[in-house]
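A quick write-up on the structure given underneath.
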Amino acid sequence: MNNVTEPVLVCRHLAKSYSDGVADIDVLQQIDLAVQPGEMVAIVGSSGSGKSTLLHLLGGLDKPTKGQVLLNNCDLQTLPEHKKCEFRNLYLGFIYQFHHLLPEFTALENVGMPLLVQGLAPATITERAKQLLVEVGLENRMQHRLGQLSGGERQRVAIARALVAGPLCVLADEPTGNLDPRNAERVLTLFFNLQKSLRTSVVMVTHDASIARLAQRVLRIEEGKLVTV
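Just so you know, the sequence shown maps onto residues 6 to 234 in the numbering used here.
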């Protein structure tokens, strides 16, 4: 369980613009956000409003045009790329609509990947990965490759992978958007229960208002700005 008391993820005056060759297009403007330990924040907005762009900026996967992102009180943009990757692997977990798992590896190997990158001992990696797969109800599917798993099972593997290293915060981009309603409900229930028990913060992008309402705080992106719902 995380024992952090200060905000785990903060962005200040964050802005992102793109050029279409003629003019600059402002996608995000003056975004301020502080995510507290154990807090789940849902971000909603229309298609193309910049929800995924904001998530990429928060995760250090894209560079802001202006402003800063602080993860565990460290400005991500001040780190060289290899250090940024290490920092991200230590403190962030990622869940995507499409799981981004590696098909040539088993469920167990996929879940253990963040710990392998951290250089942990193989026995420790296996133990932690097994524990998380049990938590998500896949104790009998650990040695299966992706082609042998259903869509819901793959997303549960992705959740286990995101949580295995005990991150301060998980960034989730439409985590059940590729699942049918029944599987989506099962996966979300599982994810929310794990999030609460591990006290991991979550920033989740979703287009589904019913999912957003389950979060402690709901924010909407409107005309490039973040507003409270």
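Yeah, the Cβ is synthetic: ideal placement off N, Cα and C, and Gly gets one too. Remember, predicted model here, so these are calculated numbers, not experimental data.
Assuming contact is defined by CB atoms lying nearer than 8 Å, are residue i and residue j in contact in what I supplied?
i: Val-116; j: Ala-165; result: yes
i: Leu-113; j: Ala-134; result: yes
i: Ala-163; j: Val-46; result: no
i: Ser-206; j: Glu-44; result: yes
Comparing C-alpha positions only, which one of the options sits nearest to residue i?
i: Arg-159; options: His-87, Leu-121, Tyr-101, Leu-97; result: Tyr-101
i: Leu-97; options: Arg-187, Lys-68, Asn-198, Leu-176; result: Leu-176
i: Phe-110; options: Asn-78, Gln-153, Ala-220; result: Gln-153
i: Asp-31; options: Ser-206, Leu-19, Val-208, Val-207; result: Leu-19
i: Ala-217; options: Phe-197, Val-74, Glu-228, Ser-202; result: Phe-197
i: Lys-56; options: Lys-230, Glu-228, Val-210; result: Val-210
i: Leu-106; options: Leu-125, Glu-227, Ala-167; result: Ala-167
i: Asp-67; options: Asn-78, Val-139, Ser-52, Glu-86; result: Glu-86
i: Pro-186; options: Gly-142, Ser-54, Asp-213, Glu-11; result: Asp-213
i: Val-141; options: Glu-190, Leu-33, Leu-125, Leu-199; result: Leu-199
i: Ile-226; options: Gln-136, Ile-48, Lys-21, Thr-10; result: Ile-48
i: Gly-53; options: Asp-37, Pro-108, Leu-33, Asn-145; result: Leu-33
Grab me the residues of residue i's own chain with a C-beta within less than 6 Å of its C-beta, minus the 5 sequence neighbours each way, in chain order.
i: Leu-193; result: Thr-181
i: Gly-65; result: Leu-81, Lys-89, Arg-93
i: Arg-150; result: Thr-111
i: Leu-60; result: Leu-176, Asp-178, Val-210
Identify every residue that forms a DSSP beta bridge with residue i.
i: Cys-174; result: Leu-97, Ser-206
i: Val-139; result: Answer is none; Val-139 lacks a bridge partner.
i: Thr-58; result: Looking at the DSSP assignment, Thr-58 forms no beta bridge with any residue, so it has no partner.
i: Val-223; result: Ala-47
i: Leu-193; result: Note: Leu-193 sits in no beta bridge, so no partner.
i: Lys-21; result: Leu-33
Between which two residues does the beta strand (DSSP E) containing residue i stretch?
i: Gln-160; result: Not the beta strand (DSSP E): Gln-160 falls in the alpha helix (DSSP H), residues 156 to 168.
i: Gly-50; result: No beta strand (DSSP E) contains Gly-50, which DSSP labels as neither H nor E.
i: Leu-231; result: 230 to 233
i: Val-74; result: 71 to 76
Closer than 8 Å by C-beta to residue i: which residues in its own chain qualify, once you throw out the five before and the five after it? Chain order, please.
i: Leu-95; result: Gln-123, Ala-170, Pro-172
i: Phe-257; result: Because the chain here runs from 6 to 234, residue 257 falls outside it and cannot be looked at.
Note the first and the last residue of the continuous alpha helix (DSSP H) segment covering residue i.
i: His-149; result: From DSSP, His-149 is part of no alpha helix (DSSP H); its letter is neither H nor E.
i: Glu-114; result: 112 to 123
i: Ala-217; result: 214 to 217
Given residue i, which residues of its chain have a CB within under 7 Å of its CB, disregarding the five upstream and five downstream residues?
i: Ala-39; result: Pro-12, Val-15
i: Gly-157; result: Leu-184, Asn-188, Arg-191, Val-192
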